[in-house]
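So the mapping is simple: my numbering equals the position in the sequence shown, first residue as 1, plus 12.
In this text, a Cβ means the ideal position worked out from N, Cα and C, and glycines have one as well.
What follows is a single structure, written as structure tokens, with notes after it.
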Amino acid sequence: MNDTNSIAWLGLDAHSKNCVLGQLDDHGTEVKGWGFPTKPEQLIKHVQAIPATDKRLMLEESNLARWIGQLLKPHVQQLVVCDARRNRLISHDHHKHDRRDAFALARLLRLNEFKPVWQPADDQRVLFKRVAKSYENAVLRQTRLKLQLKALFQHWGLFPAGATVFSKTGRVPWLKQLPFDPLRAQALILYEQLDQALAGQAQFRRLLCQTGRQFPEIQRLRSTPGVGLVGAHLFVAYVQDPTRFGKFSRLVRYCRLGIRDRSSDDKPLGYQQLDREGVGTLKAVSYRAYLQAAKRRSGPVWDCYQASLRHTGSTTHARLNTQRKILLTLWTLWLTGREFDPDQFFRSQPIDV
């Protein structure tokens with residue numbers, strides 16, 4: 013018989029069709045495991061049925077994590093969403109099994125051996141992030157179609173350069189050069205799909221801008237040289253809350269600009285490389301801002317690059333340092349509510365939050 017005064021350590025392995033809930037007692041002994049359909053009433057029913065006054069639940073980050081977390085949070089005393097990639101007890105297990113994974117999650121929670129995933133409290137920012145991802149998917153679709161079209165032409169010795177080949181009028185002479193009718197038919201289908209993808213990208217861009225109107229920090233971030241309308245929207249959409257990063261180095265890693273010199277199993281690499289964990293979109297925002305400065309070859313961002321180049325003697329290190337300074341500027345403007353000041357750009361330092 014379960015002690016209602018003890019802590020129930022719970023792990024939930026959730027999938028789109030079925031879930032497995034595992035319970036450990038205070039001593040780490042497996043009490044019971046349940047399998048049931050992934051339905052709201054079933055999730056609540058099984059958690060409520062556990063005879064304990066203190067229920068602590070952990071699940072892994074997934075597409076279902078936020079929905080399940082909001083559903084079960086009122087029924088437990090602690091709910092944690094953890095990073096699945098850091099759970100070596102689960103991700104490195106050669107014998108994957110849902111029931112075993114559920115108990116492993118409960119065990120990791122009891123031992124405090126997990127990395128939590130930050131969860132936003134504001135639903136509007138969650139929706140904004142989903143819109144941003146949809147916009148990026150639309151950009152990726154049209155990019156893939158353009159690559160397919162160029163590959164089709166190149167396979168037959170035709171080498172279109174630039175974007176003219178994708179325009180309504182520019183594509184006509186290239187279509188005429190294809191030697192066979194089936195090739196032209198294939199290209200026409202790809203062009204039709206490309207036109208639809210471009211129209212979809214434009215629609216998602218408008219939706220992104222409409223959804224972002226409720227966040228005043230976007231206009232403030234646009235005052236940073238090289239950070240355009242879309243870049244400011246994407247930065248706010250993915251960062252969501254600047255105070256979630258206790259120090260600037262954590263934001264740098266989140267933007268894939270941190271340095272690591274060890275592999276995933278903590279063995280020395282013998283060289284340094286950029287950490288691949290994080291959001292590549294944010295790295296791209298800083299890179300595009302650097303590119304704008306490099307094209308103009310003037311302004312505070314370019315001056316920062318030149319100063320870093322003189323100091324490091326490396327174009328790569330100078331560029332990465334400039335990208336990090338751009339991220340620091342965006343982060344600082346958001347936290348402080350100030351506009352961009354070129355005189356302060358060089359003197360800005362990481363701030364504690």
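| Item | Value |
| --- | --- |
| Per-residue DSSP class, three states only, for Trp-314 | helix |
| Best match in Ala-330, Leu-263 and Arg-331 for proximity to Leu-347 [C-alpha to C-alpha] | Leu-263 |
| Buried/exposed call for Val-313, threshold 16 Cβ in 10 Å | buried |
| Beta-bridge pairing of Gln-285 - partner residues as DSSP gives them | Arg-272 |
| Gly-243 - DSSP class collapsed to helix/strand/coil | helix |
| Where Gly-238 falls, given that 16 or more other Cβ within 10 Å makes a residue buried | buried |
| Cβ of Pro-191 within 9 Å of any chain C Cβ | The structure shown contains no chain C; it holds only a single protein chain. |
| Residue span of the alpha helix (DSSP H) that contains Gln-136, given as start and end | 135-166 |
| Beta-carbon separation (whole angstroms), Val-88 vs Val-129, contact threshold 8 Å | Not quite, the Cβ-Cβ distance comes to about 17 Å (not below 8 Å), so this is no contact. |
| Same chain only: Cβ atoms within 7 Å of His-323, ignoring 5 sequence neighbours per side | none |
| 8 Å contact criterion, which Leu-36 and Val-43 should meet: CB distance rounded | 6 Å |
| Distance between Lys-259 and Phe-352 (C-alpha atoms, nearest Å) | 20 Å |
| Same chain only: Cβ atoms within 8 Å of Gly-292, ignoring 5 sequence neighbours per side | Arg-268 |
| Short Cβ contact (9 Å threshold) for Leu-152 with Thr-223 | no |
| For Cys-31, the first and last residue of its enclosing beta strand (DSSP E) | 30-36 |
| Straight-line Cα distance separating Ala-77 from Ser-18 | 26 Å |
| For Arg-68 and Arg-97, the rounded distance between their alpha carbons | 21 Å |
| Distance between Leu-91 and Ser-103 (C-alpha atoms, nearest Å) | For Ser-103, the predicted structure reports a pLDDT of 49, less than 50, and the residue's modelled location is therefore unreliable. The matter cannot be settled from this model. |
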